[in-house]
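Undergrad: This is the structure, below, for whatever I ask next.
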Amino acid sequence: MEFEKFENSDMRSLADLQPEGCGDITPAYQFYVTSLFCFPIKVIIANKIIAVGTAIIHNKVAWLGQIIVHPDFRNRGIGKKISQALVDLCKAKHCETIYLIATDLGAPIYESIGFETETQYLFFKDIKIGMEFLNSQFIVPFEEKYRAQIIAMDNSVSGENRVDHIELHFSKGYVFKGDEKIEGYFLPTFGEGLIIANNAKAGIEMMKFRFMNKENANLPVDNSEAVKFLHDNNINEYRSAKRMRLGIERKWEPANIYNRIGGNLG
3 MEFEKFENSD
13 MRSLADLQPE
23 GCGDITPAYQ
33 FYVTSLFCFP
43 IKVIIANKII
53 AVGTAIIHNK
63 VAWLGQIIVH
73 PDFRNRGIGK
83 KISQALVDLC
93 KAKHCETIYL
103 IATDLGAPIY
113 ESIGFETETQ
123 YLFFKDIKIG
133 MEFLNSQFIV
143 PFEEKYRAQI
153 IAMDNSVSGE
163 NRVDHIELHF
173 SKGYVFKGDE
183 KIEGYFLPTF
193 GEGLIIANNA
203 KAGIEMMKFR
213 FMNKENANLP
223 VDNSEAVKFL
233 HDNNINEYRS
243 AKRMRLGIER
253 KWEPANIYNR
263 IGGNLG
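Numbering (the working numbering) for the sequence shown: 3 to 268.
As C-alpha cells, then:
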C-alpha cells in the first residue's frame, strides 16, 4: 500500500470521503495543504483516493486528525495502516508525544498501535442563551499587552508550545481581565472557539459570551465546574470521545479548558 502527499489538486476527492454526521472536512484540508506544519497524506487504489489522514506538528508534539477511510474500503485494515504511517512520519520528525481524539469506533484501531486513553471529551448541543447570559464587563478585546500572558497560560494548560497556532487568532480574540492579570482568553476563530481560564468564574463567563454565536460546547470531562454549569442549565452531553496519547506523557490541565479547539488539535 502506497502513501502519498495529499495535494491541493486532490480537494475534489473529499466529497466521496465525507463522513455522515460530521462537519464539512474540506476547510480542514484546505488549511492542511497550505500550512507548513501540517502533513496530509492519502491512499490511492485504482486511481481513486480511498483514505486520508493528517499529522499536525509543532515542536515535539503532534496531533493526528481527519483519518478517514471510504465506506467501501473499511474493515480491511486501511485505517490502522494510515494511522501507523502518520505515526512513523511524526517520529521521523522527532515528535515525542502524539495525540488524537477517537470515537468509540476508532479507539480500538489506535489502541492496537500503542495509543492509550488520557481522558474523555463531552459534547453538548442545542444551547439556547437567555437574559442571564448577558456579557460580562470583564471580557474585553485582545490587546498586544496581553500577548505574553496568553502564551504563558496556553503553554501551562495545554502542555504544548503552540504559539505559532494561537497567535494567528489573537487579533479577533478576547480576554477576561482580572485586577492585575488576565484570568482567561477566548479565541473565537481558532477551531471551535478555544476557551482557557484559570478559574471557573472567568471560564463560565466566556462560555456564556461564546453562546451568543454558538449553540454547542465541547470540553474535557475533567472540567467539573463547566460540566456542572451546563447540567444545572438542563444541558446534557449527547456523546463523548476519547483523547488518546502515544509517547511521552505531558503535564496539562484539562480542568482549565472551557471549550476545545477541535478534533485535530485537542
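Beta carbons: idealized from backbone N, C-alpha and C, even for Gly.
State yes or no: is the C-beta of Cys40 within less than 7 Å of the C-beta of Thr28?
TA: Cβ atoms of Cys40 and Thr28: not closer than 7 Å.
Undergrad: Output needed for Leu88: all residues of its chain with C-beta closer than 6 Å, excluding positions within five of it in sequence on either side, in chain order.
TA: Gly55, Ala57, Leu66, listed in sequence order.
Undergrad: Alpha carbon to alpha carbon, what distance is there between Lys82 and Lys44?
TA: Going by the C-alpha atoms only, they are around 13 Å apart.
Undergrad: Could you tell me the distance, in whole angstroms, from the CA atom of Asn258 to the CA atom of Gly205?
TA: Between Asn258 and Gly205, the C-alpha separation is close to 8 Å.
Undergrad: By DSSP, does Leu107 sit in helix, in strand, or in coil?
TA: If DSSP states are grouped into helix, strand and coil, Leu107 belongs with coil.
Undergrad: Nearest-angstrom Cα distance between Ser160 and Val177?
TA: The alpha-carbon atoms of Ser160 and Val177 are separated by roughly 17 Å.
Undergrad: Determine the extent of the alpha helix (DSSP H) in which Phe5 is found, giving its start and end residues.
TA: Element bounds for Phe5: not the alpha helix (DSSP H) but the beta strand (DSSP E), 5-7.
Undergrad: Run through the region 71-135 for me and flag every whole beta strand (DSSP E) of 3 or more residues, listed as ranges in chain order.
TA: Segments of the beta strand (DSSP E) lying fully in the region 71-135: 99-104, 118-126.
Undergrad: Among the residues of its own chain, which have a CB less than 7 Å from the CB of Ile250, if the five just before and after it don't count?
TA: So the list reads Glu98, Thr99, once near-sequence residues are dropped.
Undergrad: Taking its Cβ as the centre, do 16 or more other Cβ atoms sit within 10 Å of Val142, making it buried, or is it exposed?
TA: The residue is exposed, with fewer than 16 neighbouring Cβ atoms inside 10 Å.
Undergrad: In this structure, how does DSSP classify Asn49 when only helix, strand and coil are distinguished?
TA: DSSP places Asn49 in coil when its eight states are reduced to three.
Undergrad: Using CA coordinates, which residue listed in Lys244, Glu6, Ile237, Asn61 is at the minimum distance from Lys50?
TA: The candidate whose alpha carbon is nearest that of Lys50 is Glu6.
Undergrad: What span of residues does the beta strand (DSSP E) with Glu227 cover, start to end?
TA: Counting along the chain, Glu227 falls outside any beta strand (DSSP E), though it belongs to the alpha helix (DSSP H) covering 226-234.
Undergrad: Skipping 5 residues on each side, what residues in its chain have a beta carbon closer than 8 Å to that of Lys253?
TA: Here the set comprises Gly161.
Undergrad: Starting from Asp244, trace the beta strand (DSSP E) in both directions and tell me its first and last residue.
TA: Reading off the sequence shown, one finds Lys at residue 244, where the question assumed Asp. Counting along the chain, the beta strand (DSSP E) containing Lys244 begins and ends at 241-249.
Undergrad: Looking only at its chain, what residues have a beta carbon closer than 6 Å to the beta carbon of Phe117, apart from the 5 residues adjacent to it on each side?
TA: If we look at Phe117 and ignore the five residues flanking it on each side, its Cβ neighbours are Met246, Leu248.
Undergrad: Tell me which same chain residues have a C-beta within less than 7 Å of the C-beta of Leu16, skipping the five on either side of it?
TA: Counting only Cβ-Cβ distances below 7 Å, and skipping sequence neighbours, we find Ile27, Thr28, Tyr31.
Undergrad: Curious, which full-length beta strand (DSSP E) runs of at least 3 residues does the region 160-225 contain?
TA: Listed in chain order, the complete beta strand (DSSP E) runs (minimum 3 residues) inside the region 160-225 are 176-179, 184-189, 196-199, 219-222.
Undergrad: State the Cα-Cα distance for the pair Ala228 and Met208, rounded to the nearest angstrom.
TA: Roughly 11 Å separates the two Cα atoms.
Undergrad: Which residues does DSSP pair with Gly55 in a beta bridge?
TA: DSSP, once it has assigned bridges, lists Ile43 as partnering Gly55.
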